[in-house]
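What follows is a set of notes on a single structure, which appears directly below.
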Amino acid sequence: MSALDFFTKWVEGEKTVPLHAEFEPLEPKKAKKKRPAAIGDRQRLDGFLRLYTKCAVVISILMVLVLLVGAVALPAFASPGNPTNNEVVRRYVGSAEEETGAENVIAGMILNYRGFDTFGESCVLFLAVCCVMLLLWATNDRLRGEAKATQTEAPRDMILANVAKLLLPCVLCFGICVLLNGHVSPGGGFSGGSILGAALILFAVSFGADSVRRFFTAKVFNAVRITGLMVYAVMFGVYIYQGANQIQSDLARYIVLVIDLAVGLVVMSTMYGFYSFYTKGEL
Amino acid sequence: MLSLIIDNRFAIAAVILFVTGFANMMLHPNLIKKVVSFNIMDSATFLLLASRGMIAGRTAAILTDGGADPSRYVNPIPAGLVLTGIVVSVSVSAFSLALIQRLYGAYGSVDLRDILEAMKKKGE
Amino acid sequence: MIRLILAIPFLALGLFMFFSEVVGFYKFTYVMNRMHAAAMGDTLGIGSILIAVGILTGSLSAALKLVLILVFMFLTGPVVTHLIAGAEVETHKNAGHEYQEVDRR
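Going down the list, the sequences are from chains A, B and C.
At position 122 of the first sequence (counting the first as 1) the number is 307 in the working numbering, and the numbers step up by one without a gap.
At position 27 of the second sequence (counting the first as 1) the number is 24 in the working numbering, and the numbers step up by one without a gap.
At position 2 of the third sequence (counting the first as 1) the number is 4 in the working numbering, and the numbers step up by one without a gap.
Here is the structure:
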């Protein structure tokens, strides 16, 4: 059996023999001594949990006192002597419009000046979906049988379907508007992507998952996620190569919309992926 | 004393919310309530971060028709930190809920005491 | 100033509705009672607070947008109540004893 077969079997959770099965252990393992059941197991657990509760209360009270002392010593709310009132405001706000092409200075900052942090966030979202896939994607019959206890599909509801027919166009249009206007008004990739993801979830709940699978199959899901993350990786690889200051290019004003779209699409597929894995165990 | 509380009202509210979430997370045996308490702790952190960014007399960092006058806008960086925090909070909650679903499938309960007891029985 | 005086009764009403919703949510034992308490905050509570906010902003376009938000909440609130009630009847252990299905035709 090759190493690839071994790895595949291990990922799918089937019992495997070690690769080098011809080696034997040096000495036979000693039999484990059974603990005498003097106190019942449930009683020991309850005793430990009672001690844990007392410790938890003591730790919480200590934490409240320490943090309150710290919170009172902070500078007053909205005072001009705040540490955030520094030269960063003048630099970022003063030249945000020419250099990033965004009037929403926050969006321009997270996509251009501090874009590497946003790349990290996209990676975190990508990894979260990968971890949920590892835990919950039922690819063979054994996993599907185990998952039957936790995953159910609700029957189609007439009231929900009719209200969804009214509301879905509004929610989709609102989501697209928030996503595309992210660099001009409050909004942007994350909020627009969340609204679009919620619209997809509403569509799946009210009309059944098969109607979403007509245009959002597993291949489209993976393609959207990977393309979004790769666009990000390429753009911010160039950013780091140029000195990690800002995107030093004359085109920087025009590509803020593309970067925003990449973020929005990754977030939308993440939200729908979570819903789909929790309720059905597949995409 | 009262002026001290009013000067730092958002920081004190954030601290109280944080410790509420923390104590709930330690004391509830139900795993899903622990995830909810974790989200309360996250909200407290965002409240503290966003309230530290406010400067009196200035508004949010979205350029309106007044032009790019830096003395009228707030520093945009605390808002960026809160955005990152929200994304991390959502990802951690999603992963914890997936773990809880597998635990429920394996042990049949979401209560921590029942799961610990069943784990000990399986180990013997 | 006169705007504040006009808005205060609506704010007080909204606060009272939300307070009674939270107290009811924690004190009732049955799911249907808790759902009824939650629906109170969703309709009269948010309605009066949105009216108060509309009076306080003073611009007509903002007030019209708030009315649209209210319409959205009134469209989605009853649907959510219906779904929660359906889920409760499906999964409750003693559903045959405590709930009685009425013929819907």
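C-beta atoms are modelled at their ideal positions from N, C-alpha and C, and glycine is treated no differently.
Put residue i into one of helix, strand or coil per three-state DSSP.
| i | result |
| --- | --- |
| residue 72 of chain B | coil |
| residue 111 of chain B | helix |
| residue 402 of chain A | coil |
| residue 432 of chain A | coil |
| residue 36 of chain B | helix |
| residue 175 of chain B | Residue 175 of chain B falls outside the range modelled here, since chain B spans only -2 to 121, and no answer is possible. |
| residue 35 of chain C | helix |
| residue 129 of chain B | Missing from the structure shown is residue 129 of chain B; chain B here goes from -2 to 121 and no further. |
| residue 27 of chain B | strand |
| residue 459 of chain A | helix |
| residue 94 of chain C | coil |
| residue 23 of chain C | helix |
| residue 116 of chain B | helix |
| residue 440 of chain A | coil |
| residue 128 of chain B | Because chain B spans -2 through 121 in this model, residue 128 of chain B falls outside it and cannot be assessed. |
| residue 5 of chain B | coil |
| residue 104 of chain C | coil |
| residue 223 of chain A | The predicted model places residue 223 of chain A with a pLDDT of 49, which falls under 50 and marks its position as unreliable; any figure quoted below should be read in that light. DSSP places residue 223 of chain A in coil when its eight states are reduced to three. |
| residue 197 of chain A | helix |
| residue 468 of chain A | coil |
| residue 420 of chain A | helix |
| residue 64 of chain C | helix |
| residue 123 of chain C | There is simply no residue 123 of chain C to check, as chain C begins at 3 and stops at 107 in what is shown. |
| residue 106 of chain B | coil |
| residue 373 of chain A | coil |
| residue 393 of chain A | coil |
| residue 187 of chain A | coil |
| residue 101 of chain B | helix |
| residue 0 of chain B | helix |
| residue 449 of chain A | helix |
| residue 57 of chain C | helix |
| residue 228 of chain A | helix |
So, using beta-carbon positions, are residue i and residue j closer together than 7 Å?
| i | j | result |
| --- | --- | --- |
| residue 319 of chain A | residue 462 of chain A | no |
| residue 417 of chain A | residue 301 of chain A | no |
| residue 432 of chain A | residue 297 of chain A | yes |
| residue 20 of chain B | residue 41 of chain B | no |
| residue 413 of chain A | residue 451 of chain A | yes |
| residue 286 of chain A | residue 438 of chain A | yes |
| residue 88 of chain B | residue 323 of chain A | no |
| residue 76 of chain B | residue 291 of chain A | yes |
| residue 374 of chain A | residue 458 of chain A | no |
Any C-beta of chain A sitting closer than 7 Å to the C-beta of residue i?
| i | result |
| --- | --- |
| residue 30 of chain B | no |
| residue 94 of chain C | no |
| residue 38 of chain C | no |
| residue 81 of chain C | yes |
| residue 84 of chain C | yes |
| residue 92 of chain B | yes |
| residue 40 of chain B | no |
| residue 70 of chain B | yes |
| residue 4 of chain B | yes |
| residue 46 of chain B | no |
| residue 1 of chain B | yes |
Would residue i pass as an interface residue toward chain C - the criterion being a Cβ-Cβ separation below 7 Å?
| i | result |
| --- | --- |
| residue 369 of chain A | no |
| residue 345 of chain A | yes |
| residue 348 of chain A | yes |
Against chain B, with Cβ distances strictly below 7 Å, would residue i count as a contact?
| i | result |
| --- | --- |
| residue 289 of chain A | yes |
| residue 229 of chain A | no |
| residue 445 of chain A | no |
| residue 358 of chain A | no |
| residue 241 of chain A | yes |
| residue 326 of chain A | no |
| residue 459 of chain A | yes |
Inset, instruction - Tell me the start and end of each unbroken alpha helix (DSSP H) in the segment 319 to 371 of chain A that is at least 4 residues and wholly inside, in chain order. - result: Runs found: 326 to 332, 343 to 365.
Inset, instruction - Inspect the CB distances between the segment 84 to 101 of chain B and the segment 24 to 34 of chain B and report whether three or more fall short of 8 Å. - result: yes
Inset, instruction - Mind listing, in chain order, the continuous alpha helix (DSSP H) runs of no fewer than 4 residues lying wholly within the segment 236 to 324 of chain A? - result: Along the segment 236 to 324 of chain A, the alpha helix (DSSP H) occurs as fully enclosed runs of 4 or more residues at 272 to 285, 290 to 293, 300 to 321, listed in sequence order.
Legend entry - Three CB pairs or more closer than 8 Å across the segment 61 to 73 of chain B and the segment 275 to 282 of chain A: yes
Legend entry - Sufficient close CB pairs (3 or more, under 8 Å) joining the segment 9 to 28 of chain C to the segment 42 to 59 of chain C: yes
Inset, instruction - Check whether the segment 368 to 377 of chain A touches the segment 397 to 410 of chain A, counting contact only when three or more Cβ pairs, one atom from each stretch, lie closer than 8 Å. - result: no
Legend entry - Meets three-Cβ-pair contact criterion under 8 Å: the segment 41 to 54 of chain B and the segment 247 to 255 of chain A: no
Legend entry - Given 8 Å, three or more beta-carbon pairs between the segment 82 to 92 of chain C and the segment 28 to 47 of chain C: Result yes; three or more Cβ-Cβ pairs closer than 8 Å.
Legend entry - Given 8 Å, three or more beta-carbon pairs between the segment 262 to 272 of chain A and the segment 21 to 28 of chain B: Contact fails between the segment 262 to 272 of chain A and the segment 21 to 28 of chain B, because fewer than three Cβ pairs, one in each stretch, are under 8 Å apart.
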